[in-house]
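As structure tokens, the structure follows; a few thoughts come after it.
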Amino acid sequence: MATIQRKRLMPKSAFLVKKYRRGIRVSFTAICILLTLLFIMHVPSSTTKENISLNTGTETDGLNAFSGSSRSDYLLPFTDKSQHVIHPKDDGIKENAVMITLARNSDLWNLVNSIRHVEDRFNHKYHYDWVFLNDDDFTDEFKRVTSNLVSGKAKYGKIPKEQFSIPSWIDQDKLATTLKNMRDNNVIYGDSVPYRHMCRFQAGLFYRHPLLQQYNWYWRVDTDITIFCDIQYDLFKFLRVNNKMYGFILSVSEYEATIPTLWSTTRKFMKEYPHLVHKNNLMDYISDDNGENYNLCHFWSNFEIGSLDLWRSEAYDKYFEYLDQSGGFYYERWGDAPVHSIAAALFLDRSQIHFFDGLGFHHPDFLSCPVEEDIRLQNHCTCNPTRDVTWGASYFCTRKFFLTQNYALPPGV
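Here it is, written out as structure tokens:
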């Protein structure tokens with residue numbers, strides 16, 4: 407009763423104020439609903455979860471205006487334009503490709519970071535398989551952790567003992583002398599036999615593993631790499647469409663003390679098998695005097711992506727067997743990187759080798775970071791461009807690669 411009485415006694419002016427406020431609330435609610443409907447009508451119906459993940463942040467013309475399926479307005483690095491390549495649109499069809507990692511069980515907690523970088527920056531969109539190889543049995547923990555991180559199928563293989571041990575034709579006394587001499591001269595990994603096993607396996611045996619026979623393309627992922635930028639296109643499709651067989655990010659000079667006879671052995675091979683050397687080869691990248699000497703330039707294989715058919719070819723099969731029988735992987739300390747680089751330069755058409763830019767990459771102790779700020783922003787790169795070593799003029803060879811290919815260098819390089 408008191409409440410009713412108070413309402414009856416409420417002044418007319420107070421009643422009008424209350425009614426006016428109620429009207430404002432109703433009008434405001436109606437306006438909000440109308441704006442929401444207009445916003446929904448304005449948003450394209452094709453927006454997907456993937457597109458949203460690629461367009462985070464404030465939209466800026468030319469930076470975040472591309473969708474997850476169309477690359478028509480995707481900014482290409484200056485180096486890609488110089489190499490006259492095209493970036494194919496994603497058609498939803500995966501290539502016959504795989505990630506490959508050589509690892510031991512003790513590498514697990516370094517490897518998880520590499521896997522996350524590759525998955526977050528690239529493979530979560532494509533779900534390519536991942537093959538892990540080890541000279542021992544993988545532990546259950548290794549399999550549980552890594553299979554939970556990869557978006558494709560995880561496969562685990564053991565390397566045959568004969569592929570990860572000293573070959574029967576190696577003179578053990580000569581090897582022991584080499585190990586001592588290299589240790590005394592502080593040659594990096596010079597006294598390590600396991601490192602020699604790894605180099606020999608990566609050079610000519612990894613692609614022979616049964617788990618890899620079904621694939622055509624591969625990306626070698628090492629246990630301690632970083633990918634700094636979003637990769638906005640399918641790297642494997644890019645290689646196929648542009649007829650590329652081998653791709654790299656960094657190019658450096660090899661330690662001469664590890665390969666004193668690699669080039670002389672290669673020259674003997676070329677003399678015996680001249681028909682296997684491609685007529686349009688890239689000899690001028692690896693030699694400054696028309697093949698008389700090796701200038702030590704090679705593609706750093708800590709990032710290596712390409713066609714498995716290159717290594718399965720007659721030319722490379724014969725070349726690796728020739729090198730292997732010479733004993734240089736053990737009597738010296740031949741790395742897989744110079745061996746692969748020399749082979750790619752000699753056996754491929756020079757146009758089939760590609761320099762990848764815009765990805766951002768680190769493997770101790772070298773770092774690649776795109777020189778163009780708009781590319782770094784577009785690809786959400788987290789690298790410091792002042793630490794980039796790609797275009798160094800002395801120890802690094804990317805500049806040499808561009809000059810021999812008649813590609814224009816990026817502005818400011």
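Here the working numbering runs 406 ahead of the position in the sequence shown, where the first position is 1. No residue lacks a Cβ here, since even glycine has one placed at the ideal position from N, Cα and C. Source: prediction; values computed, not measured.
* Asked: How about E738 and K643: are their beta carbons less than 8 Å apart?
  -> Taking the first residue of the sequence shown as 1, we reach residue 738 at position 332. Taking the first residue of the sequence shown as 1, we reach residue 643 at position 237. Contact flag unset, no.
* To do: Please work out which residues of its chain come closer than 8 Å, Cβ to Cβ, to S719, disregarding the five sequence neighbours upstream and downstream, and give them in chain order.
  => Sequence index remark: in the sequence shown, residue 719 carries index 313 (1-based). The answer, listed in chain order, is F753.
* To do: Rounded to whole angstroms, what's the CA-CA distance from F472 to H533? Just pull it up for me.
  => Taking the sequence shown and counting its residues from 1, one reaches residue 472 at position 66. Taking the sequence shown and counting its residues from 1, one reaches residue 533 at position 127. Unreliable placement is indicated for F472, whose pLDDT of 33 sits below 50; the coordinate value is still reported in the next sentence. Approximately 22 Å, taken between the alpha carbons.
* **Contacting residues, own chain, Cβ-Cβ under 7 Å from S476 (five flanking each side not counted)** => Within the sequence shown, the letter at position 70 stands for residue 476. Because S476 sits at a pLDDT of 43, beneath the cut-off of 50, its placement in the model cannot be relied upon, and the point is left open.
* Would you decide whether D630 is buried or exposed? Buried here means 16 or more other CB atoms lie within 10 Å of its CB. => For the purposes of this step, residue 630 is taken as residue 224 along the sequence shown, with counting starting at 1. Looking at its Cβ environment, which holds fewer than 16 other Cβ atoms inside 10 Å, D630 is exposed.
* To do: Quick one: give me the first and last residue of the beta strand (DSSP E) that I737 is part of.
  => Here residue 737 is taken as the residue at index 331 of the sequence shown, counted from 1. In the sequence on display, residue 737 carries Tyr and not Ile. Here Y737 belongs to no beta strand (DSSP E); instead the alpha helix (DSSP H) covers 734-737.
* Excluding the five sequence neighbours on either side, which residues of its own chain have a C-beta within less than 7 Å of the C-beta of D742, listed in chain order? -> As a working mapping, residue 742 is identified with position 336 in the sequence shown. Around D742: C605, Q608, A609, S707.
* To do: Decide if A750 is buried, meaning its Cβ has at least 16 other Cβ atoms within 10 Å, or exposed.
  => For the purposes of this step, residue 750 is taken as residue 344 along the sequence shown, with counting starting at 1. Buried is the call here.
* Asked: Whose CA, out of W536, W717, S553, lies closest to the CA of Y652?
  -> Start at 1 with the first residue of the sequence shown, and residue 652 comes out as number 246. Nearest option by C-alpha distance: W717.
* Roughly how many whole angstroms lie between the Cα atoms of W740 and N591? -> On the sequence shown, position 334 is the one that residue 740 refers to. On the sequence shown, position 185 is the one that residue 591 refers to. Distance between the alpha carbons of W740 and N591 is about 16 Å.
* Asked: Using CA coordinates, which residue listed in T632, L702, H681 is at the minimum distance from T664?
  -> Your numbering for residue 664 matches position 258 in the sequence shown. With distances taken between Cα atoms, T664 lies closest to L702.
* Asked: If you run the structure through DSSP and keep just helix, strand and coil, what is L815?
  -> Along the sequence shown, one-based indexing puts residue 815 at 409. Note: L815 maps to coil in three-state DSSP.
* Go through its chain and collect everything with a Cβ distance to D715's Cβ below 7 Å, but skip five positions before and after it. => In the sequence shown, residue 715 corresponds to position 309, counting from 1. Once the five neighbours on either side are set aside, the close Cβ partners of D715 are N622.
* What did DSSP end up calling F828 once you bin it into helix, strand or coil? -> Given that the chain is displayed from residue 407 to residue 819, the structure contains no residue 828 and the question cannot be resolved.
* **Which listed residue (D486, L765, H769) has its alpha carbon closest to that of C635** => Here residue 635 refers to the residue found at position 229 of the sequence shown. Closest by alpha carbon: L765.
* Return the CA-CA distance between N470 and E779, expressed in angstroms with no decimal places. => To locate residue 470, count along the sequence shown from 1; it is residue 64. To locate residue 779, count along the sequence shown from 1; it is residue 373. With a pLDDT of 32 at N470, under the threshold of 50, the predicted position of this residue should be treated as unreliable, though the coordinate-derived value follows. About 14 Å.
* **CB contact flag (Y661, V745, <8 Å)** => For this step, residue 661 is matched to residue 255 along the sequence shown. For this step, residue 745 is matched to residue 339 along the sequence shown. Taking 8 Å as the Cβ cut-off, Y661 and V745 do not qualify as a contacting pair.
* To do: Leaving aside the five residues before and after N648 along the sequence, list all residues of the same chain whose C-beta is less than 8 Å from its C-beta, in chain order.
  => Residue 648 sits at position 242 when you count from the first residue of the sequence shown. Hits under 8 Å: V491, I492, H760.
* To do: Going by DSSP, name the residue or residues bridged to Y624.
  => Within the sequence shown, residue 624 is the residue found at index 218, counting from 1. Looking at the DSSP assignment, Y624 forms a beta bridge with V504, G712.
* Asked: According to the Cβ coordinates, are D730 and T810 closer than 8 Å?
  -> In the sequence shown, counting from the first residue as 1, residue 730 sits at position 324. In the sequence shown, counting from the first residue as 1, residue 810 sits at position 404. Going by C-beta atoms, D730 is not nearer than 8 Å to T810.
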